[in-house]
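Just remember that my numbering sits 28 ahead of the position in the sequence shown, which is counted from 1. Ideal Cβ placement from N, Cα and C applies to all residues, glycine included.
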Amino acid sequence: MPALTLREVLALDPVRASEPELLAGEAALDRPVRWVHSSEVYEGANFLDGGELLLTNGFGLTDTAAEIRRRYVRELAARGASGLAVEIGRSLPTMPPEVTDEARRLGLPLLALHRVVPFVRITEAANRAIVARGLSGRSVVRPWGDDHTAALLADLADRAALNQPEVEARSALAGFHPGPGARLIGVSVHGAREVSSVDRAARLLGGASVLRAAFPGDVLALFALPGAVAGDPVRAVQEAFRTAADPGLTVAVGHVVEASSGWLRWSDTLRAARTTLELALTVPAAEPAAPEGPLVTSARALALERELTRGGVDANRDRLARLVQHALGPLLAWEAAHPSDLVRTLEVHLRHGCSPTRTAALLHIGRQSLYQRLERIESLLGLEIDDPDLLGELLAAVCAHRVVRGMGAAQVRGLRTVA
């Protein structure tokens, strides 16, 4: 179904109640309207992405030179606005002739609203109609179906051109109502064809609401946890999925954002979950995995991997290879000639604060065997592993080594790469 047109917006009851008069742009009445905004700021054109109908009471057009008014209309047309509607009678007694003239010259629909109707009534009615029309036609642009929840999650994860009123309206239509103080966490699940594991995790979390949808090969979800719940939300979501997810699934949990922080932050946590999932599928794990159950990780657990691959793994391939060779060259040469597990031992040791007890337990070896490995590593690299000045470089290098190894394996398996 086509998008809502300007002609159809003009037929809405609140718009008709404003007694609109079309002064220019009659030939463009069938152009689509993506959203309806109101702004009294003269620079309002700078905030448009294209396809918007802009409502103004004309305050920004008062006491300005004719050329400035013309430029205002030109900027709206250049930004791809679908039209300009100006309230006549309060700030502006009549439509400035240069505004009408410029709109006619550019073919920009120009409306004079002769009766005062609160703009919030017009925007609510118009944007509700736009959202409803858009949802009914999502199957045209979303190959995974006509599920409007999936469309919203995809738009958020892709950071499509959105705005806060649109996201809130579409979330409400999907039944997603984060309460005051709610904290949001994005989740991406690989290997699932339906949302049952997400629903089970939501039930384990108690008062959490969730926006979720299944895509080909993956499930994407946005959890809303009540702000009053104590504890670490990321860890709580991870533990819920360790219980709820089926064996063989890979679950990536994003970071925490405040529900009130705006749709861009909602997008951030979903994008972090997706990026983390790509890394979890592409890069070998730093530590031994549990023999059974799902693999559950988080953006914080793979923070170093995400930083090392910022901009894409392929774009960082040469830089990471140089980092690995500079810091670990002698160690890698030894491992090439002598089968051993020294690089992995070094990374596990560094990731756990150089604790021999914890490292030995994770590697399933005795402490004496661990000490022998650490002595060999220090001898080959000519340094002391627990030197504070070296910890950052060594940890980045062993992490980069895993990423580089994962690049080659991903190409063999045909896996996606992080974007």
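Practice task
State the Cα-Cα distance for the pair Arg-270 and Leu-323, rounded to the nearest angstrom.
Solution key: Rounded to the nearest angstrom, the two C-alpha atoms are 8 Å apart.
Practice task
List the endpoints of the continuous alpha helix (DSSP H) containing Asp-91.
Solution key: Boundaries cannot be given for Asp-91, as no alpha helix (DSSP H) includes it and DSSP labels it neither H nor E.
Practice task
Tell me whether the beta-carbon of Gly-209 lies closer than 8 Å to the beta-carbon of Ala-256.
Solution key: Less than 8 Å divides the Cβ of Gly-209 from the Cβ of Ala-256.
Problem - At least three beta-carbon pairs within less than 8 Å, the stretch 133 to 147 to the stretch 176 to 192 - result: The stretch 133 to 147, when compared against the stretch 176 to 192, does not touch it at the 8 Å Cβ threshold.
Problem - Range covered by the beta strand (DSSP E) that runs through Gly-194 - result: The sequence shown places Glu at residue 194, rather than the Gly named in the question. Annotation for Glu-194: no beta strand (DSSP E) segment contains it, though the alpha helix (DSSP H) segment containing it runs 192 to 201.
Problem - Exposed unless 16 or more other CB atoms sit within 10 angstroms - verdict on Tyr-399 - result: In this structure Tyr-399 is exposed. Its beta-carbon is surrounded by fewer than 16 other beta-carbon atoms within 10 angstroms.
Practice task
Measure the alpha-carbon distance for Gly-457 versus Ala-424 and round it to whole angstroms.
Solution key: Residue 457 falls outside the range modelled here, since the chain spans only 29 to 447, and no answer is possible.
Problem - Residues near Ile-413 in its chain [Cβ-Cβ closer than 8 Å; skip 5 each side] - result: Exclusion of the five residues before and after Ile-413 leaves Leu-374, His-377, Leu-378, Cys-382, Leu-402, Ile-405, Glu-406, Leu-422 as the residues of its chain whose Cβ lies within less than 8 Å of its Cβ.
Practice task
Name the one or two DSSP bridge partners that Pro-60 has.
Solution key: In the DSSP assignment, Pro-60 is bridged to Thr-33.
Handout entry: Cβ-Cβ distance between Gly-214 and Leu-298 below 8 Å
Key = Their beta carbons are under 8 Å apart, which means Gly-214 touches Leu-298 by this criterion.
Practice task
Mind the definition here: the stretch 119 to 133 touches the stretch 34 to 45 only if three or more C-beta pairs lie below 8 Å; say whether that holds.
Solution key: The stretch 119 to 133 makes no contact with the stretch 34 to 45; the number of CB pairs closer than 8 Å stays below 3.
Practice task
Could you check what DSSP says for Leu-238 in three-state terms: helix, strand or coil?
Solution key: Looking at the sequence shown, residue 238 is not Leu but Val. Shown here, Val-238 sits in a strand according to DSSP, grouped into three states.
Exercise for the section: Report yes if the C-beta distance between Leu-233 and Ala-264 is below 8 Å; otherwise report no. Expected result: Yes, the pair counts as a contact, with Cβ atoms nearer than the cut-off.
Problem - Pairwise C-alpha distance: Leu-82 and Arg-99 - result: When rounded, the distance between both Cα atoms is 16 Å.
Handout entry: Through-space distance from Thr-151 to Arg-62, alpha-carbon basis
Key = Straight-line spacing of the CA atoms in Arg-62 and Thr-151 works out to 12 Å.
Problem - Reduced DSSP category for Arg-211 - H, G, I as helix; E, B as strand; rest coil - result: Strand, per DSSP.
Practice task
Note down the Cα distance separating Asp-246 from Leu-277, rounded to an integer number of angstroms.
Solution key: Approximately 10 Å between the Cα atoms of the pair.
Problem - Selected residue, minimal CA-CA separation from Ala-197, among Glu-47, Ala-154, Ala-230, Glu-306 - result: Taking only the C-alpha atoms, the option nearest Ala-197 is Ala-154.
Problem - Integer Cβ distance of Gly-434 from Pro-312, believed to fall under 8 Å - result: Gly-434 to Pro-312, Cβ: 6 Å. Contact.
Practice task
Tell me whether the beta-carbon of Leu-239 lies closer than 8 Å to the beta-carbon of Leu-181.
Solution key: Cβ distance < 8 Å, so Leu-239 and Leu-181 count as in contact.
Exercise for the section: Assign Gln-448 to one of two classes, buried (16 or more other C-beta atoms within 10 Å of its C-beta) or exposed (fewer than that). Expected result: The shown model of the chain, from 29 to 447, leaves out residue 448, and the question about it has no answer.
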